[in-house]
Amino acid sequence: MTTNQPFLAINQHLTDFAPITLPEMESVKLMDRSEVKFTIPVVKLADILASVQDHYRILEMKDTRIFDYETLYFDTPSMDLYHQHHAGHLNRCKIRFRNYVDTNTSFFEIKLKNNKGRTIKTRIPDQLSELNEIGEQSSAFLETKTAYKSDQFQPAVWVFYSRLTLVSTCSAERITIDLNLRFRSGDKQKHFTQMAVVEVKQEKKHANSVFLDLMQKRRFKQSGMSKYCLGVASLFDQVKRNRFKPKLNFLNKINNFHATITASRPTQFV
Numbered sequence: 004m005t006t007n008q009p010f011l012a013i014n015q016h017l018t019d020f021a022p023i024t025l026p027e028m029e030s031v032k033l034m035d036r037s038e039v040k041f042t043i044p045v046v047k048l049a050d051i052l053a054s055v056q057d058h059y060r061i062l063e064m065k066d067t068r069i070f071d072y073e074t075l076y077f078d079t080p081s082m083d084l085y086h087q088h089h090a091g092h093l094n095r096c097k098i099r100f101r102n103y104v105d106t107n108t109s110f111f112e113i114k115l116k117n118n119k120g121r122t123i124k125t126r127i128p129d130q131l132s133e134l135n136e137i138g139e140q141s142s143a144f145l146e147t148k149t150a151y152k153s154d155q156f157q158p159a160v161w162v163f164y165s166r167l168t169l170v171s172t173c174s175a176e177r178i179t180i181d182l183n184l185r186f187r188s189g190d191k192q193k194h195f196t197q198m199a200v201v202e203v204k205q206e207k208k209h210a211n212s213v214f215l216d217l218m219q220k221r222r223f224k225q226s227g228m229s230k231y232c233l234g235v236a237s238l239f240d241q242v243k244r245n246r247f248k249p250k251l252n253f254l255n256k257i258n259n260f261h262a263t264i265t266a267s268r269p270t271q272f273v
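By the count of the working numbering, the sequence shown reaches residue 273 at its end, each step adding exactly one.
1. With distances taken from CA atoms, which of 99, 59, 112 and 185 is nearest residue 124?
2. How about residue 2 and residue 69: are their beta carbons less than 8 Å apart?
3. Given a cut-off of 8 Å, decide if residue 203 and residue 59 are closer than it, judged by their beta-carbon atoms.
4. Given a cut-off of 8 Å on the beta-carbon distance, is the pair residue 129 and residue 110 in contact?
5. Return the chain-ordered list of same chain residues with a C-beta closer than 7 Å to the C-beta of residue 151, the five sequence neighbours on each side being excluded.
6. What did DSSP end up calling residue 278 once you bin it into helix, strand or coil?
7. Would you identify the three-state DSSP class for residue 127, choosing helix, strand or coil?
8. Going by DSSP, what residues sit across from residue 122 in a beta bridge?
9. For residue 213 and residue 40, what's the separation of their Cα atoms in angstroms?
10. What span of residues does the beta strand (DSSP E) with residue 28 cover, start to end?
11. Please name the residue or residues paired with residue 204 in a DSSP beta bridge.
12. To the nearest angstrom, how far is it from the Cα of residue 256 to the Cα of residue 195?
13. Give the DSSP-derived three-state secondary structure of residue 150 in the structure shown.
14. Between the Cα of residue 94 and the Cα atoms of 101, 84, 103 and 100, which residue gives the shortest distance?
15. Please report the straight-line C-alpha distance between residue 210 and residue 221, rounded to a whole angstrom.
16. Would a C-beta distance cut-off of 8 Å place residue 42 and residue 200 closer than the cut-off?
17. By a C-beta neighbour count over all protein chains shown, 10 Å radius and 16 as the cutoff for buried, is residue 64 buried or exposed?
18. Any beta carbon from chain C within less than 8 Å of residue 168's own beta carbon?
19. Assign residue 118 to buried or exposed, taking buried as 16 or more other Cβ atoms, counted over all protein chains shown, within 10 Å of its Cβ.
20. So, using beta-carbon positions, are residue 20 and residue 56 closer together than 8 Å?
21. For residue 182, count neighbouring C-beta atoms within 10 Å of its own C-beta (all shown protein chains included) and say buried if the count is 16 or more, exposed if not.
22. Quick one: residues in its chain with C-beta nearer than 8 Å to the C-beta of residue 54, no 5 flanking neighbours on either side, listed in chain order?
23. From the DSSP output, which residues share a beta bridge with residue 103?
24. By Cβ distance, which residues of its chain are closer than 7 Å to residue 223, with the 5 residues on each side in sequence left out?
Spelled out as structure tokens, the structure:
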């Protein structure tokens, strides 16, 4: 992966975390959870990681601690799922295929945000078809979990990123940190490579968290905008985005500012 100084600093700090294996993480899968999201400049991340390293372990597989993800989100032709999120509806869902590139495993996933503010994820192992369609097995799963049918949906947005996962040493809490975020739909692309998307996932809302305490101390504000909505709002001209516009403007400003700075530095390879 080509990268620059902020990413080198992040990699250096990752070696200071104690590792946790995938089987050990089974107790904190948190498929039914409370979520808190942040979007922060990548240049701030190394210092944050250094501040929490004694309280979290990091997922490690085959000596690797940052993993590549590919996700294809589906929506209706009129982008109903996106617009439900934009309107703030509860009991809304996202439908996607997610491929874990490093292990070459793929799942069809349904992610529901219910009226109690809980995020519930269900999934089955399945491969995306060559035509990027929802196949028979996943179609049946969709119908058992929702009121939708697969023929209502079409591919909407590809999302690509690299993820590191932290697990609390003292509570049911996982933190995912997504880097090098890129979106694609048809021939349109948008990159947010200077931003890190952080999701704090807990069994119970407002549970004690060293990470959340640090975010409050550093005055990082929560961000409720999902990666899917960020991708759609960035790539599609015809969708509503009034509710997301202030956040979009902020993210573009920060991303462009730091991209200008890092462009003046020599590229490194790790």
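For glycine and all other residues, C-beta sits at the position ideal for the given N, C-alpha and C.
The answer reads as follows:
1. Nearest C-alpha to residue 124: 112.
2. Shown here, the chain extends from 4 to 273; a query on residue 2 therefore has no answer.
3. No, the Cβ-Cβ distance between residue 59 and residue 203 is not below 8 Å.
4. Yes; because the gap between Cβ atoms is below 8 Å, this pair is in contact.
5. The residues 145, in chain order, have a CB closer than 7 Å to that of residue 151 in the same chain once the five nearest residues on each side in sequence are set aside.
6. Outside the displayed range of the chain (4 to 273) lies residue 278, so it cannot be described from this structure.
7. Correct three-state label for residue 127: strand.
8. The secondary-structure analysis by DSSP pairs residue 122 across a beta bridge with 36 and 116.
9. Cα to Cα, the separation comes out at about 15 Å.
10. Run containing residue 28: none; DSSP gives neither H nor E here.
11. In the DSSP output, where bridge partners are listed per residue, residue 204 has 38 and 177.
12. Near 11 Å, if we compare the C-alpha coordinates of residue 195 and residue 256.
13. It is coil, neither helix nor strand.
14. Of the candidates 101, 84, 103 and 100, the residue whose Cα lies closest to the Cα of residue 94 is 84.
15. For residue 210 and residue 221, the distance between alpha carbons rounds to 19 Å.
16. Contact flag set, yes.
17. By the Cβ-count criterion, residue 64 is exposed, with fewer than 16 other Cβ atoms from all chains shown falling within 10 Å of its own Cβ.
18. The chain labelled as chain C is not found in the depicted structure, where only one protein chain is given.
19. Exposed is the call here.
20. Going by C-beta atoms, residue 20 is nearer than 8 Å to residue 56.
21. If you draw a 10 Å sphere on the C-beta of residue 182, you find 16 or more other C-beta atoms in it, and that means buried.
22. Contacts found: 217.
23. DSSP, once it has assigned bridges, lists 72 and 108 as partnering residue 103.
24. The answer, listed in chain order, is 41 and 43.
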